[in-house]
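Going by the numbering used here, the sequence shown opens with residue 15, and the numbers climb by one from there.
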Amino acid sequence: MSAEWLSRAAAYYLERYSSSAETLRRVLWRKVQRRAAARGEDAEGFRHLVEATVARFVELQLVDDRRFAEGWLAGQSRRGTSRRMASLRLSQKGVDRDLVEDLMPAGEAADEAERASAHAYARRRRLGPHRLREREERRDRDIAAMMRAGFSFQDSRAAIDGDGGPGSLPG
Numbered sequence: 015m016s017a018e019w020l021s022r023a024a025a026y027y028l029e030r031y032s033s034s035a036e037t038l039r040r041v042l043w044r045k046v047q048r049r050a051a052a053r054g055e056d057a058e059g060f061r062h063l064v065e066a067t068v069a070r071f072v073e074l075q076l077v078d079d080r081r082f083a084e085g086w087l088a089g090q091s092r093r094g095t096s097r098r099m100a101s102l103r104l105s106q107k108g109v110d111r112d113l114v115e116d117l118m119p120a121g122e123a124a125d126e127a128e129r130a131s132a133h134a135y136a137r138r139r140r141l142g143p144h145r146l147r148e149r150e151e152r153r154d155r156d157i158a159a160m161m162r163a164g165f166s167f168q169d170s171r172a173a174i175d176g177d178g179g180p181g182s183l184p185g
């Protein structure tokens, strides 16, 4: 196993996926472990290669946690993911919590973005006004599903009881 092999593996991965530094580190470490096991070698001896490769890619700005988190958050917002759930998932991907908090909208913009995400989630899951039948019978379950997805009760209720658009929200 060489630094060149690991760099090629990292470059190939980054061609296909956007990644945080920690995610790249995990992917490369799994590759090293598999290859070391196949060769009967100790993977721990190659940990420094993984760290050096990740550091090199960060230095070359091929891996940038801020850029990754900005793009990922924008996609999740369009998809209808709550701020709470998006923050949790980014933390799981190894993005620093302070960076995540900096990137999250604040104040009135945050509230409006969360309402729009709630409506997008309801539309995607066909909850509330997007349900074809049994709308009233399923109301409480729909609100509960939205709350499990990380939305507040107020945003969940507004998305389920509204007419389906973010402009129709009360107050």
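C-beta atoms are modelled at their ideal positions from N, C-alpha and C, and glycine is treated no differently.
Checklist entry - In chain order, what residues of the same chain lie with their CB nearer than 6 Å to the CB of Q90, ignoring the 5 residues before and after it? => result The residue labelled residue 90 in the question sits at position 76 within the sequence shown. The answer, listed in chain order, is A100.
Item to check | Span of the alpha helix (DSSP H) around T67 | outcome: As a working note, residue 67 is residue 53 in the sequence shown. Segment 61-73, the alpha helix (DSSP H) holding T67.
Next on the checklist: Just to confirm my understanding: we take E65, look at its own chain, exclude 5 residues before and 5 after, and list those with CB closer than 8 Å. What are they?
Outcome noted: Within the sequence shown, residue 65 is the residue found at index 51, counting from 1. Excluding residues within five positions, the ones whose Cβ falls inside 8 Å are R39.
Checklist entry - Using CA coordinates, which residue listed in W86, R93, A120, R145 is at the minimum distance from Q106? => result Translated into the one-based positions of the sequence shown, residue 106 becomes position 92. The option with the nearest alpha carbon to Q106 is W86.
Checklist entry - Can you tell which of A88, G108, V68, V114 has the C-alpha that lies nearest to the C-alpha of A130? => result The sequence position of residue 130 within the sequence shown is 116, counting from 1. Ranking A88, G108, V68, V114 by Cα distance to A130 puts A88 first.
Item to check | Contact between the segment 58-78 and the segment 143-156 (3+ Cβ pairs under 8 Å) | outcome: no
Checklist entry - Between G108 and A23, is the Cβ-Cβ spacing less than 9 Å? => result Locating residue 108 in the sequence shown gives position 94, counting from the first residue. Locating residue 23 in the sequence shown gives position 9, counting from the first residue. Not closer than 9 Å, so no.
Checklist entry - Tell me which same chain residues have a C-beta within less than 6 Å of the C-beta of G181, skipping the five on either side of it? => result For this step, residue 181 is matched to residue 167 along the sequence shown. The pLDDT assigned to G181 is 47, lower than 50, so where the model puts this residue is not dependable, and the model offers no usable value.
Item to check | Beta-carbon proximity list for A50, same chain, < 6 Å, skipping 5 on both sides | outcome: The count along the sequence shown starts at 1 and reaches residue 50 at position 36. So the qualifying residues of the chain are A57.
Checklist entry - Just to confirm, are A163 and L117 a CB contact at a threshold of 9 Å? => result Here the question's residue 163 lines up with position 149 in the sequence shown. Here the question's residue 117 lines up with position 103 in the sequence shown. Not in contact: A163 and L117 (Cβ atoms no closer than 9 Å).
Item to check | Straight-line Cα distance separating L104 from L113 | outcome: As a working note, residue 113 is residue 99 in the sequence shown. As a working note, residue 104 is residue 90 in the sequence shown. Straight-line Cα distance between these residues: approximately 10 Å.
Next on the checklist: For E128, count the other beta carbons within 10 Å of its own beta carbon; 16 or more makes it buried, fewer makes it exposed. Which is it?
Outcome noted: Taking the first residue of the sequence shown as 1, we reach residue 128 at position 114. E128 should be labelled buried.
Checklist entry - If we ignore side chains and look at the alpha-carbon of each, how far apart do R93 and R138 end up? => result Working through the sequence shown from its first residue, we reach residue 93 at position 79. Working through the sequence shown from its first residue, we reach residue 138 at position 124. Rounded to the nearest angstrom, the two C-alpha atoms are 8 Å apart.
Checklist entry - Would a C-beta distance cut-off of 9 Å place A172 and A132 closer than the cut-off? => result Taking the sequence shown and counting its residues from 1, the one referred to as residue 172 is at position 158. Taking the sequence shown and counting its residues from 1, the one referred to as residue 132 is at position 118. Yes, they are a contact pair.
Item to check | Cβ pair L63, A25 closer than 9 Å | outcome: The count along the sequence shown starts at 1 and reaches residue 63 at position 49. The count along the sequence shown starts at 1 and reaches residue 25 at position 11. Cβ distance not < 9 Å, so L63 and A25 don't count as in contact.
Checklist entry - Once you ignore the five residues that flank R153 on each side, which residues in its own chain have a CB closer than 8 Å to its CB? => result Reading the sequence shown from its first residue, position 139 is the one you call residue 153. These residues qualify, in order along the chain: G142, I174, D175.
Next on the checklist: Between which two residues does the alpha helix (DSSP H) holding M160 run?
Outcome noted: Taking the first residue of the sequence shown as 1, we reach residue 160 at position 146. Looking at the DSSP string, the run of the alpha helix (DSSP H) that includes M160 is 153-162.
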